[in-house]
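Have a look at the structure below, then the notes.
Number of protein chains: 2
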Amino acid sequence: MARQQKVTIKEVAKAAGVSTQTVSRVINSRPDVSPETQKKVQHVIDDLGYSPNVIARSLVRGRSNTLGVVGYGLGYFGPTSILKGIEKRSYNLGFSLLLSLLDDFDPSYIHTITENLLSRQVEGIIWAVPGNDRLAGNLSVRFKEAPVPIVFLNKSRRFNDLVVALDNQDGARLATQHLLSQGYRCVGIITGPSDWWEAQQREVGWRQVMLDTEIGDLNKLKVVGDWSAHSGNIGLRDLLAKSPQIDAVFASNDQMALGALQAARQMGIKIPQELGIVGFDDIPEAAYFYPALTTIRQDAEELGAQAVDQMCNSLQARHQGEEYRSDVVWIKPELIVRNSSIRA
Amino acid sequence: MARQQKVTIKEVAKAAGVSTQTVSRVINSRPDVSPETQKKVQHVIDDLGYSPNVIARSLVRGRSNTLGVVGYGLGYFGPTSILKGIEKRSYNLGFSLLLSLLDDFDPSYIHTITENLLSRQVEGIIWAVPGNDRLAGNLSVRFKEAPVPIVFLNKSRRFNDLVVALDNQDGARLATQHLLSQGYRCVGIITGPSDWWEAQQREVGWRQVMLDTEIGDLNKLKVVGDWSAHSGNIGLRDLLAKSPQIDAVFASNDQMALGALQAARQMGIKIPQELGIVGFDDIPEAAYFYPALTTIRQDAEELGAQAVDQMCNSLQARHQGEEYRSDVVWIKPELIVRNSSIRA
DNA sequence: CTGTTAGCGCATTCAA
DNA sequence: TTGAATGCGCTAACAG
Numbered sequence: 001m002a003r004q005q006k007v008t009i010k011e012v013a014k015a016a017g018v019s020t021q022t023v024s025r026v027i028n029s030r031p032d033v034s035p036e037t038q039k040k041v042q043h044v045i046d047d048l049g050y051s052p053n054v055i056a057r058s059l060v061r062g063r064s065n066t067l068g069v070v071g072y073g074l075g076y077f078g079p080t081s082i083l084k085g086i087e088k089r090s091y092n093l094g095f096s097l098l099l100s101l102l103d104d105f106d107p108s109y110i111h112t113i114t115e116n117l118l119s120r121q122v123e124g125i126i127w128a129v130p131g132n133d134r135l136a137g138n139l140s141v142r143f144k145e146a147p148v149p150i151v152f153l154n155k156s157r158r159f160n161d162l163v164v165a166l167d168n169q170d171g172a173r174l175a176t177q178h179l180l181s182q183g184y185r186c187v188g189i190i191t192g193p194s195d196w197w198e199a200q201q202r203e204v205g206w207r208q209v210m211l212d213t214e215i216g217d218l219n220k221l222k223v224v225g226d227w228s229a230h231s232g233n234i235g236l237r238d239l240l241a242k243s244p245q246i247d248a249v250f251a252s253n254d255q256m257a258l259g260a261l262q263a264a265r266q267m268g269i270k271i272p273q274e275l276g277i278v279g280f281d282d283i284p285e286a287a288y289f290y291p292a293l294t295t296i297r298q299d300a301e302e303l304g305a306q307a308v309d310q311m312c313n314s315l316q317a318r319h320q321g322e323e324y325r326s327d328v329v330w331i332k333p334e335l336i337v338r339n340s341s342i343r344a
Numbered sequence: 345m346a347r348q349q350k351v352t353i354k355e356v357a358k359a360a361g362v363s364t365q366t367v368s369r370v371i372n373s374r375p376d377v378s379p380e381t382q383k384k385v386q387h388v389i390d391d392l393g394y395s396p397n398v399i400a401r402s403l404v405r406g407r408s409n410t411l412g413v414v415g416y417g418l419g420y421f422g423p424t425s426i427l428k429g430i431e432k433r434s435y436n437l438g439f440s441l442l443l444s445l446l447d448d449f450d451p452s453y454i455h456t457i458t459e460n461l462l463s464r465q466v467e468g469i470i471w472a473v474p475g476n477d478r479l480a481g482n483l484s485v486r487f488k489e490a491p492v493p494i495v496f497l498n499k500s501r502r503f504n505d506l507v508v509a510l511d512n513q514d515g516a517r518l519a520t521q522h523l524l525s526q527g528y529r530c531v532g533i534i535t536g537p538s539d540w541w542e543a544q545q546r547e548v549g550w551r552q553v554m555l556d557t558e559i560g561d562l563n564k565l566k567v568v569g570d571w572s573a574h575s576g577n578i579g580l581r582d583l584l585a586k587s588p589q590i591d592a593v594f595a596s597n598d599q600m601a602l603g604a605l606q607a608a609r610q611m612g613i614k615i616p617q618e619l620g621i622v623g624f625d626d627i628p629e630a631a632y633f634y635p636a637l638t639t640i641r642q643d644a645e646e647l648g649a650q651a652v653d654q655m656c657n658s659l660q661a662r663h664q665g666e667e668y669r670s671d672v673v674w675i676k677p678e679l680i681v682r683n684s685s686i687r688a
């Protein structure tokens, strides 16, 4: 942990007996340097342990090679995987990541965070926050005139935003259809909070499939959870209390499915014989639940990676004075069948 | 997503009819500005939507107000919580976070990543990577002469590093003692990979307690897992195969405990009556396992927060020309008792 | 192939 | 209280 003043290009130049410009050329691997000079300078660089100051370079070039990422809900599997995907792709493309986490949906945070990111000259912002009604109104004001491209990680095409999103509706359809195909007839749903777009869309997918059955009022087959296992436990109890005819449940995430599994156990309901359960996310633990959970897998890392790609496209276009537009990039979910939904 | 050239201090100055220094004073809330001037300038700032370029400011001040964070193992609950803690505390203290993730322990990555962080002028680096033997040798070379303070998030005091760490030994002792106090006599262990310090220390804690019993060769009571639920399943089977007298198991993390729970179920072993199981981490799902898992809770967010505090102390001392030293900051774990270890 | 001049956006001397 | 000059570390545009 010893200290030495940071070496600058100037000192390298003096030590090597060349101009700073030549050093600059060497560290940027420019072709117009004679082999000997390049060698000599490189030697001094290694010797002095010089490393260019990227801050200064950013200033003069007007490019920071930095992306801002706003995240939320780390601690859940999906958001974390997204972040991993973003980081990996960014690293490979030579971008650094300035990370901000939203603690809750306090609008004033949003303002501060984005301002901070922008004043640090990020070239773009990846908004890796689940969709939420409360948030949306605020966002639209904030980002309408954002000076950098923004990629959103959920489906809500308001302006001409770039959007990469998981096809939640499709996932919910897969889950519901699977249950029906297993011989279950009356599929209830435990949704996430109603102001979350992910929850809304998963419910829509479920409705689309259930409408084709002769079941009457779908609202009677629905309870609202808060994504937690606890709410899944309560949710199943409420659901069966108000609609005893239910013989299968689609839970909008794996944690709630886990809670439902527990509730069923506590009530002496046999799964999957008497009740089928399907979750959403495919968290790593899902295969080890009792019984193992059928669920919808989403490739969240890929989602993050695609977001970075979109950002790059946008940036590249911008540098050529063009504007990049793109339809929503959809990531397709996959059904993972395990024991919790297989009727003997 | 409209574009306008970024406003600089110069344009504000011109528009306000003052010099750039005056504007600089206003944006830095200096006292030596007359109220009217301040008001006038502020108005122009709001009007033009000016926001200072932090990059430029960093350059001239020689301080970036940025911390580098190197993470690993997001996707596991602990590391993610740590990151949350780091982010929150950093935000409150006015630091931005440059995030890098280690994908594996490839030493060349480590080099590139730290160099990148340093060339971006981070004021310090928080090394939020689990301890690993393979990594350690490489690190020592790398960081011996690091020009910025580094805070490590695990116990291995090599130089005069700043270290914030969970007391893994203590946690393991708590777990093992708890099992013994419940009347179990022969407590086996499913450890993590042996080159992980966390695994090593948890094993040490277990050994310390078990040495006090009259049990003979402790190595016969131990199997090695890889942190995954799958390895926990296999682990329990191996353990019981080689030492049938085992009546309780301490798994070094909750995922492996989950796998063990599953294996016990598959083998028809009743938990907790015939076999007690305790995990480590207290992941949110643990309370919903079947049966609910007794485990060791670690306050990982607090760990992250403390790491940032240590960094700040170090930075502050440095700015006053001093050197900050500190003993390891230990975060104490807590025993959470649930059904998997309660003998009727 | 190499050096000189200029300036990125801002804050820190100073002097007025 | 304000402004002019100077420079942070680096690179772009020129000239030689």
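As given, the protein sequences belong to chains A and B, one line each in that order. Position one of the first sequence corresponds to residue 1 (the working numbering), numbered consecutively onward. Position one of the second sequence corresponds to residue 345 (the working numbering), numbered consecutively onward. Glycine is no exception: its CB is placed at the ideal position from the N, C-alpha and C atoms. As the structure is a computational prediction, the values presented were derived from the model and not from experiment.
Delimiting residues of the alpha helix (DSSP H) encompassing residue i
i, result
"E645/B", "644-663"
"A608/B", "598-611"
"K564/B", "No alpha helix (DSSP H) contains K564/B, which DSSP labels as neither H nor E."
"V593/B", "First-last for V593/B: 592-595, but that is the beta strand (DSSP E), not the alpha helix (DSSP H)."
"D448/B", "Neither: D448/B is in no alpha helix (DSSP H) and is coded neither H nor E."
"Q382/B", "379-392"
Where residue i sits in the DSSP three-state scheme
i, result
"S231/A", "helix"
"D281/A", "strand"
"V398/B", "helix"
"T639/B", "strand"
"S373/B", "coil"
"S19/A", "coil"
"S96/A", "strand"
"G85/A", "helix"
"G475/B", "coil"
"G406/B", "coil"
"G183/A", "coil"
"G171/A", "helix"
"R581/B", "helix"
"V356/B", "helix"
"K350/B", "coil"
"K242/A", "helix"
Residue span of the beta strand (DSSP E) that contains residue i, given as start and end
i, result
"F152/A", "150-152"
"W206/A", "Careful: W206/A lies outside any beta strand (DSSP E), inside the alpha helix (DSSP H) at 197-211."
"G532/B", "531-535"
"L461/B", "Segment 451-463 is the alpha helix (DSSP H) holding L461/B; no beta strand (DSSP E) there."
CA nearest to the CA of residue i, picked from the options
i, options, result
"A509/B", "L524/B, K564/B, W541/B", "W541/B"
"A307/A", "S228/A, A172/A, V163/A", "V163/A"
"G569/B", "Q599/B, A585/B, K586/B, L647/B", "Q599/B"
"V362/B", "V681/B, M655/B, E380/B", "E380/B"
"E123/A", "K332/A, I336/A, N313/A, D238/A", "N313/A"
"L153/A", "I113/A, P147/A, N168/A", "N168/A"
"G412/B", "L443/B, Q386/B, G438/B", "L443/B"
"W330/A", "P79/A, G171/A, L135/A, S96/A", "G171/A"
"G71/A", "Q262/A, L102/A, A263/A", "L102/A"
"M611/B", "L583/B, L637/B, P628/B, N597/B", "L583/B"
"R297/A", "Q21/A, G62/A, G78/A", "G78/A"
"H663/B", "P537/B, R407/B, A400/B", "R407/B"
"W550/B", "L403/B, V531/B, S670/B, T638/B", "V531/B"
"H522/B", "T639/B, I613/B, I627/B, Q589/B", "T639/B"
Which residues DSSP lists as bridging residue i, in chain order
i, result
"I470/B", "V413/B, V495/B"
"I675/B", "L510/B"
"Y420/B", "L418/B"
"I390/A", "The requested residue 390/A does not occur in the structure, where chain A is confined to residues 1 to 344."
"G620/B", "A592/B"
Heavy atom of the ligand ZN within 8 Å of residue i beta-carbon
i, result
"M554/B", "Absence of the ligand ZN from the depicted structure is noted, as is the absence of any ligand whatsoever, leaving it without description."
Residues near residue i in its chain [Cβ-Cβ closer than 8 Å; skip 5 each side]
i, result
"I150/A", "G124, I125, I126, W127, F143, D161, L162"
"P537/B", "A543, V568, G569, D570, W571"
7 Å Cβ shell around residue i - same chain, five flanking residues per side excluded
i, result
"V54/A", "none"
"I271/A", "L261, A264, I277, P291, S340"
"L437/B", "V652, C656"
"F105/A", "N132, R134, L135"
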